[in-house]
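Q: Here you go, one structure.
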Ligand code: ADP
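Residue numbers (the working numbering): 1372 to 1578.
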C-alpha cells in the first residue's frame, strides 16, 4: 500500500490537497505541523520544546520530529500506507524516514514566493480542528465549516515569519526535490489556480 509524501513550500496547499487524497485513498494524513501544534496546545514536554522554533518560523530539531513520526507510524491505522504532509523537511529527516518505511511517491507542489506570501496573508485556520480556509472564500465570516469553531490567523502566518519560513524552505527543504527526483519518485504539480484545478492535476500525478 502507498506511502506518499507531499513536498512543497509553506502555503502551497499541501494540507488542503493531502487531506483530499487521504480521504480518497482512505489512508491517514500525518501532518507534523498539526501534530506539533497539538503538542503546543496541550502544553506537553515536546510542545514546550518545539514552541520557540515554530513561532520563529524555524524548523524544529530533526530528532524531535523524527521520533514523533516514528511513534505515530507504530499505530494500527498506518499499516496500509500514509500521507506525509510537511515531513520530511530536511535531508536527515528524509534519510531517517527511509529507514522506517518505503516511499512510493513524492508529490511536489510548485508555487512562486509571491503567490505564497499572498496566500498566507488570507489563510485562516480553526484552532480546534485544523480546518483551513481563505478570506477570499470566507467573505467576512469567521465560522469553521467543519466544527463550528472560530477561524483565526495562525501566529506563524504573520508576514515577517512567513519570510523566515520561505528562507528556511529554500535552504533546507528545497534540496529534497533533487534528492527524490534522483530516486525517480518525484511528480511535480503546479499549485497555481483554484483548489479544483490543482486537485485535478494532483489526480493525474497520482495515476
Ligand atoms: P506550512 O507547511 O504552512 O509551513 P506546517 O503546519 O507544516 O506549515 O508547519 C508549521 C511549523 O511547524 C514549521 O514552520 C516548523 O516550525 C514546524 N514543523 C512542521 N513540520 C516540521 C518538520 N518536518 N521538521 C521541522 N519542523 C517542522
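C-beta atoms are modelled at their ideal positions from N, C-alpha and C, and glycine is treated no differently.
Model, not experiment: these values are computed from the prediction.
1. Comparing the CB of residue 1538 with every heavy atom of the ligand ADP, is any distance shorter than 7 Å?
2. Between residue 1385 and the ligand ADP, is there a pair consisting of the residue's CB and a ligand heavy atom that are separated by less than 7 Å?
3. Compute every distance between the C-beta of residue 1415 and the non-hydrogen atoms of the ligand ADP, then say whether any falls below 7 Å.
4. Inspect the CB distances between the stretch 1419–1435 and the stretch 1534–1542 and report whether three or more fall short of 8 Å.
5. Could you check whether residue 1391 and residue 1570 sit closer than 8 Å to each other, using their CB atoms as the reference points?
6. Fully enclosed by the stretch 1483–1509, which alpha helix (DSSP H) runs are 4 residues long or longer?
7. Apart from the five residues just before and just after residue 1557, which ones in its own chain have a Cβ nearer than 6 Å to its Cβ?
8. As a quick exercise: from 1425, 1486 and 1501, pick the residue whose alpha carbon is nearest that of residue 1523.
9. Taking C-beta to C-beta, are residue 1560 and residue 1576 nearer than 8 Å?
10. Determine the DSSP secondary structure at residue 1448, reduced to helix, strand or coil.
11. Secondary structure at residue 1433, three-state DSSP: helix, strand or coil?
12. May I ask whether a heavy atom of the ligand ADP can be found less than 7 Å away from the beta carbon of residue 1547?
13. At a cut-off of 7 Å, would you count residue 1399 as near the ligand ADP, judging by its Cβ distance to the nearest heavy atom?
14. Cα separation between residue 1341 and residue 1475?
15. Quick one: any contact between the stretch 1438–1445 and the stretch 1538–1550, if contact means 3 or more CB pairs under 8 Å?
16. Do you know offhand how far residue 1468's Cα is from residue 1461's?
17. What is the residue span of the alpha helix (DSSP H) that residue 1572 lies within?
18. Roughly how many angstroms lie between the CA atoms of residue 1414 and residue 1490, to the nearest whole one?
19. Output the distance between the C-alpha atoms of residue 1528 and residue 1562, rounded to the nearest integer angstrom.
20. Where do the N-terminal and C-terminal ends of the beta strand (DSSP E) with residue 1512 fall, by residue?
21. Which residue comes first and which comes last in the alpha helix (DSSP H) that contains residue 1405?
A: Reading it off the structure:
1. Residue 1538 has its Cβ no nearer than 7 Å to any heavy atom of the ligand ADP.
2. Within 7 Å of the C-beta of residue 1385 there is at least one heavy atom belonging to the ligand ADP.
3. For residue 1415, the Cβ stays outside the 7 Å cut-off from all heavy atoms of the ligand ADP.
4. In short, these stretches touch, since the Cβ pair count reaches three.
5. Residue 1570 is a Cβ neighbour of residue 1391, given a cutoff of 8 Å.
6. Whole alpha helix (DSSP H) segments, 4+ residues: 1484–1493 and 1506–1509.
7. Excluding positions up to five away in sequence, the list reads 1477, 1479 and 1551.
8. Answer by Cα proximity: 1501.
9. Closer than 8 Å, so yes.
10. Judged by DSSP in its simplified three-state form, residue 1448 adopts helix.
11. Helix, per DSSP.
12. Not under cutoff, so the answer is no.
13. Distances from the CB of residue 1399 to the heavy atoms of the ligand ADP are all 7 Å or more.
14. There is simply no residue 1341 to check, as the chain begins at 1372 and stops at 1578 in what is shown.
15. The stretch 1438–1445 vs the stretch 1538–1550: no contact.
16. Between the alpha carbons of residue 1468 and residue 1461 lies a gap of roughly 11 Å.
17. Per DSSP, residue 1572 belongs to the alpha helix (DSSP H) from 1566–1577.
18. Distance between the alpha carbons of residue 1414 and residue 1490 is about 29 Å.
19. So the two alpha carbons sit approximately 19 Å from each other.
20. For residue 1512, no beta strand (DSSP E) run applies, since DSSP gives it neither H nor E.
21. Note, residue 1405: alpha helix (DSSP H), 1403–1412.
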